[in-house]
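Trainee: This is the structure I want to talk about, given as structure tokens.
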Amino acid sequence: GNSVTQMEGPVTLSEEAFLTINCTYTATGYPSLFWYVQYPGEGLQLLLKATKADDKGSNKGFEATYRKETTSFHLEKGSVQVSDSAVYFCALSEKNFNKFYFGSGTKLNVKP
Amino acid sequence: NAGVTQTPKFQVLKTGQSMTLQCAQDMNHEYMSWYRQDPGMGLRLIHYSVGAGITDQGEVPNGYNVSRSTTEDFPLRLLSAAPSQTSVYFCASSPFFAGTGVSYEQYFGPGTRLTVT
Chain A
489 GNSVTQMEGP VTLSEEAFLT INCTYTATGY PSLFWYVQYP GEGLQLLLKA TKADDKGSNK
549 GFEATYRKET TSFHLEKGSV QVSDSAVYFC ALSEKNFNKF YFGSGTKLNV KP
Chain B
105 NAGVTQTPKF QVLKTGQSMT LQCAQDMNHE YMSWYRQDPG MGLRLIHYSV GAGITDQGEV
165 PNGYNVSRST TEDFPLRLLS AAPSQTSVYF CASSPFFAGT GVSYEQYFGP GTRLTVT
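Residue numbers (my numbering), protein chains in the order written: chain A, 489 to 600; chain B, 105 to 221.
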């Protein structure tokens, strides 16, 4: 079956620190991979995505590379800001079916 | 475009009561879905629909009903509320073109926070 595993949080960093949030997946086919972000009291927003192996998704300084050999899609940012404090969800979607499978979410706290 | 809208934002129910959570989208998306979000468990799919008149169950469908009479609306009905249904509910929509081999991002509503006492 399909599933997504994320590192547990919360992750607490100082401003300008390097961020990595690990995400690994299990899938029966060749899924698309996504990172969503949820700010307090809001719905989820797409942060970035990758649709095939070795694709790199990027947005707002965040990056993630679709690694088929390690079934991973780790989220990275070189220098976090206080405004990046949020919950981050890794997700996969089966092509042709559009059903999404989400990880449990990782809360990021960035201190000034 | 308003995107995906959900009403109400907050709701308190007593055990055994029924209610409908409303979801609407104005993007002409074929695919719509309902999730519940519980602490430490991420989002779990309740029901989904790939077009008007077509619905299917997700991971946790028990205690919930859906129907899709129009492309725009996808209401979620709680038949007899239980404390285990206390959660935050999100509706989402996306384009859907069967057989294209493409996955589209889902657009989420702001959520409904439901408490069942």
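Just so you know, even glycine gets a beta-carbon here, dropped at the ideal spot from N, CA and C. Everything numeric in this text was worked out from a predicted model, so none of it was measured.
Would you call the stretch 129-136 of chain B and the stretch 174-182 of chain B in contact, with 3 or more CB pairs under 8 Å?
Mentor: These segments touch.
Trainee: Let's test the definition: count the other Cβ atoms within 10 Å of the Cβ of B/E163 and tell me whether it reaches 16, buried, or not, exposed.
Mentor: So B/E163 ends up on the exposed side.
Trainee: Looking at the unbroken beta strand (DSSP E) that takes in A/V575, where does it start and where does it end?
Mentor: 574-581 is the span of the beta strand (DSSP E), which, as asked, contains A/V575.
Trainee: Is the beta carbon of A/T594 closer than 8 Å to that of A/T559?
Mentor: Not closer than 8 Å, so no.
Trainee: Please name the residue in B/G157, B/A106, B/Q141 whose C-alpha comes closest to that of B/L217.
Mentor: Reading off the sequence, residue 217 of chain B comes out as Arg, not Leu. The option with the nearest alpha carbon to B/R217 is B/Q141.
Trainee: Can you list the alpha helix (DSSP H) stretches of 4 or more residues lying completely in the stretch 122-206 of chain B, in chain order?
Mentor: Runs of the alpha helix (DSSP H) inside the stretch 122-206 of chain B: none found.
Trainee: Taking all protein chains shown into account, decide if B/M145 is buried (16 or more other Cβ within 10 angstroms of its Cβ) or exposed.
Mentor: When all chains shown are included, B/M145 counts as exposed.
Trainee: Hey, how far is the Cα of A/S546 from the Cα of B/F194?
Mentor: Each residue's Cα considered, the two are about 25 Å apart.
Trainee: Does A/K629 have its Cβ less than 8 Å from a Cβ in chain B?
Mentor: With chain A covering 489 to 600 only, the question about residue 629 of chain A has no answer from this structure.
Trainee: Using 8 Å as the Cβ pair cut-off and three pairs as the minimum, do the stretch 499-513 of chain A and the stretch 108-120 of chain B touch?
Mentor: No, because fewer than three Cβ pairs between the stretch 499-513 of chain A and the stretch 108-120 of chain B fall closer than 8 Å, the two stretches do not touch.
Trainee: Is the shortest distance between the beta-carbon of A/N586 and the beta-carbons of chain C less than 8 Å?
Mentor: The structure shown contains no chain C; its protein chains are A and B.
Trainee: From this set, A/L580, A/V598, A/P600, A/T553, which residue's C-alpha is nearest A/T516's C-alpha?
Mentor: Closest by alpha carbon: A/L580.
Trainee: Just to confirm before moving on: does the CB-CB distance between B/F212 and A/G497 stay below 8 Å?
Mentor: No; because the gap between Cβ atoms is not below 8 Å, this pair is not in contact.
Trainee: Given that A/G531 touches chain B, what residues does it touch there, using C-beta distances under 7 Å?
Mentor: F194, F212, G213, P214, G215, listed in chain order.
Trainee: Going along chain B, which residues have a C-beta under 8 Å from A/S592?
Mentor: Within 8 Å Cβ-Cβ: G144, M145, G146.
Trainee: I want to see whether chain A comes within less than 8 Å of B/Y208, judged by CB atoms only; does it?
Mentor: It does; some Cβ of chain A falls within 8 Å.
Trainee: Which ranges would you report for the beta strand (DSSP E) in the stretch 516-567 of chain A if only whole runs of at least 3 residues count?
Mentor: For the stretch 516-567 of chain A, whole beta strand (DSSP E) runs of length 3 or above, ordered along the chain, are 520-526, 532-538, 544-547, 550-553, 563-565.
Trainee: Would you mind telling me which residues of chain A sit closer than 8 Å to B/S198, beta carbon to beta carbon, in chain order?
Mentor: Here the neighbours are N586.
Trainee: Do you know how far the Cα of B/V220 is from the Cα of B/A186?
Mentor: Their Cα atoms are separated by approximately 6 Å.
Trainee: Please check if any C-beta of chain B sits within less than 8 Å of the C-beta of A/S560.
Mentor: False, the Cβ-Cβ gap to chain B never drops below 8 Å.
Trainee: Could you tell me which chain B residues have their CB closer than 7 Å to the CB of A/S520, listed as they occur along the chain?
Mentor: The contacting residues are S207.
Trainee: Grab me the residues of B/Q121's own chain with a C-beta within less than 7 Å of its C-beta, minus the 5 sequence neighbours each way, in chain order.
Mentor: Taken in chain order, the residues that qualify are A185.
Trainee: Leaving out five residues before and five after A/G591 in sequence, what residues of the same chain have Cβ atoms less than 8 Å from its Cβ?
Mentor: Same-chain partners within the cutoff: V492, T493, Q494, C511, F577, C578, A579.
Trainee: For a contact defined as C-beta to C-beta under 9 Å, what are the partners of B/L149 on chain A?
Mentor: The answer, in chain order, is K587, F588, Y589, F590.
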